[in-house]
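Residue 8 in numbering that gives the first Met the number 0 is what sits at position 9 of the sequence shown, and the numbering runs on without skipping anything.
Glycine included, C-beta positions come from ideal geometry on N, C-alpha and C.
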Amino acid sequence: MDQFLIALRSFPQDISSLDIPDLSNINLDDFNENLFNIIQETDSASARHSILQVAALLPPQPKWSDITLQWATEQDSTSATTDPIVKYAGSALAQDIFPSDRWLEALEDDSHPHVSLKRILVTWSGLKFDVSQHGCWNSY
């Protein structure tokens, strides 16, 4: 796992080039904490993109909400590397792990197209329409 975390610090655009450890053989809480520490040390768009690709391989956790929301508001393109993060965030919203009110409020800034944010919200509504509808009613 240490080798992977060292390689991850190069913040590749696509993590498939890295040798991802077998997640069934490691302590996921420790791994998640290591990822979170990296993003705290190096807070940049490329770091968020790389780290969130890895976080998307793990069960969603509330501590990733703000970082994922920041990624979603700055990521205005679609690619194979954004798809897992979009699905991860949509799943976290559907499971009420990420607070929907903050995500819906982010749409109010109309100075950006919010491509990824909109894709996440569509994923959320596709997974749990009733939860997304309730979130919208509560926010608006």
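CA-to-CA distance, residue j to residue i, given in whole angstroms
i, j, result
"Y139", "Q2", "Low confidence applies here, because Y139 scores a pLDDT of 48, under 50, leaving its location unreliable; read the following figure in that light. Cα-Cα distance, rounded: 47 Å."
"N24", "E32", "16 Å"
"L57", "L27", "8 Å"
"S15", "Q69", "23 Å"
"T72", "S99", "14 Å"
"A6", "T67", "21 Å"
"W63", "P112", "22 Å"
Of the listed residues the options, nearest to residue i (C-alpha basis)
i, options, result
"A105", "P20, S78, Q74, P83", "Q74"
"A93", "S110, L103, N36, S124", "S124"
Residue i, enclosing alpha helix (DSSP H) - first and last residue
i, result
"R47", "44-54"
"Q69", "64-73"
"A91", "82-93"
"T122", "114-126"
"A105", "99-105"
"F3", "1-7"
Cβ-Cβ separation, residue j to residue i (assumed contact under 8 Å), whole Å
i, j, result
"F97", "P61", "7 Å"
* Using 8 Å as the Cβ pair cut-off and three pairs as the minimum, do the region 113-129 and the region 86-98 touch? -> yes
* Cβ contact check for the region 68-82 and the region 37-56: 3 or more pairs under 8 Å -> yes
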